[in-house]
Amino acid sequence: MGTYNYSAFSKDGKRVSGLIEAANQQEVEAKLINLNLYPISITENITVKLKGLLNQEITGISEKDKIAVISQLSTMLSAGIPVNKAFDIIVSQAEKMSIKQKLQNVHKMIQAGKSLSDAFSLEKGILNEIEINLLRAGEKSGNLIDVLNKIKNDSLKAKNFKGKLRGALIYPVLILLVILIVLFVMIFFMIPQVKSLYESFGSVDLPPITQFLVWLSDIILNPVNVVIILLTLLVAYLLYRYYYSTQDGKLNIDKLKLKFPITGPLIINANISNITKIMSMLLGSGVSVTTTFEIVEKSISNKVFKDIIRSSINEILAGNSIAVSIAKHNQKIAFPNFIIQMISAGEESGNLVSVLNDISEYYYQELDQKVSNLTKSLEPIILIVVGLLVAFLAVAIYLPIYQAGNIISS
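Those letters in the sequence shown? Residues 1 to 410, by my numbering.
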């Protein structure tokens, strides 16, 4: 996706110019024609392209900025302000140039007669496919403001959870960083000095624990060994990437991820909560079952769940219910049986959307609780590991120094 300068004539013959984002010049032409603009010249904006390499916000807006835009739009529409006027205000208040440009493009498309959902669909990097389909359904049903509020609340909820997850990982990462720094100082500075001290005493042997650290230090300080280690890691990474790029490889690795003792349940809960939330939102907004499943399939990355959803589409097209379709292709590691039973009960009672929403909320709460428990569990484990490491290093360093003192005194 690139940014292009364009110059064009409007319908009334006025010359206009600006920036537009597209994959290529042909897409720029198509976008301009959709806006009732007739292109004169189109050139790629090199400055924006270079900035884009340094700043990802050029190609998309942050979750925080998206929530702000949707919140402002929802508030103004609720107050009876027309969409055109609302966008005038939102664009004028946008401080970041990347956001302002995207919103201006959306505004121009709305002025040219495009619906809000179509305008957001053409201007990539603001809303995802799920949100665009929700908007489209909201426009058709006349519940646009409710849909905007739903998008805002779900985005805010997701943002807060990501923040909580990042916060939970900061402490372990900082501790790991400190451990690596300590090991670096020990291996590169202290161990070689202890080794030199002992060598000056002649044939005196180092304690076994210190010999291990000396051996490790010798390996790491040897440039040839470092090159071999780095090349081995690089080859291993490339082999992993190649295997993961194959269908069987991705399936096997993603299946393995679901079986990991600590992270596996988190991944399963996150996928179930996400899938049922999207289904609830789309089906509740009037999107068809097959379209809903197609969007769900695109929105999830784990191949185990992705394959179940993809295979279920054909079953649904053949006339089967959602519960039966998922059950036919389900794996024990993915959807628990009680979820399929709840979906079946929801279909029979006509309360499917409500049931899906309840499932999503239940698994979200479970996920949230597990993340909190993981944070609490990690703290004592990290303290124990750090304590053992400090004790090990202290013994490895000070034992030979103590022995050296005895040798000197004798």
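The beta carbon of each residue, even a glycine, is placed where N, CA and C say it ideally should be. None of the values given here were measured: they were computed from a predicted structure.
Point to revise | residue 189 burial status per 10 Å Cβ neighbour count (16 or more: buried) | key: exposed
Review point. Taking Cβ to Cβ, would you say residue 335 is nearer than 8 Å to residue 272?
Key: yes
Point to revise | residue 147 versus 284, 387, 329, residue with shortest Cα-Cα distance | key: 284
Point to revise | Straight-line Cα distance separating residue 70 from residue 225 | key: 55 Å
Point to revise | With 16 other Cβ atoms within 10 Å as the buried cut-off, status of residue 377 | key: exposed
Review point. Should residue 38 be labelled buried (16 or more other beta-carbon atoms within 10 Å of its own) or exposed?
Key: exposed
**Study point:** DSSP three-state assignment for residue 22, whether helix, strand or coil
**Key:** strand
Review point. Would DSSP call residue 129 helix, strand or coil?
Key: helix
Practice item. For residue 75, name the three-state secondary structure that DSSP assigns. Key: helix
**Study point:** Cβ-based neighbour list, residue 55, same chain, cut-off 8 Å, excluding 5 preceding and 5 following
**Key:** Residue confidence for residue 55 is low, a pLDDT of 44 falling below 50, so the modelled location carries little weight; the figure read from the coordinates is stated next. Closer than 8 Å at the Cβ level, and outside the excluded window around residue 55, lie 98.
Point to revise | Between the CA atoms of residue 27 and residue 58 - distance to the nearest angstrom | key: Because the pLDDT of residue 58 is 43, which lies under 50, any placement of that residue in the model is unreliable, and the number read from its coordinates should be weighed accordingly. Their backbone Cα atoms lie some 18 Å apart in a straight line.
Point to revise | Residue range of the beta strand (DSSP E) that includes residue 265 | key: No beta strand (DSSP E) contains residue 265, which is instead part of the alpha helix (DSSP H) from 263-284.
Review point. Residue 307 CB to nearest chain D CB: under 8 Å?
Key: Here chain D cannot be found, since the structure has a single protein chain.
Check your understanding: With distances taken between CB atoms, is the gap from residue 157 to residue 134 smaller than 8 Å?
Key -> no
Check your understanding: Do you know how far the Cα of residue 40 is from the Cα of residue 366?
Key -> 57 Å
Check your understanding: Is the stretch 227-239 close to the stretch 256-270, with three or more CB pairs under 8 Å?
Key -> no
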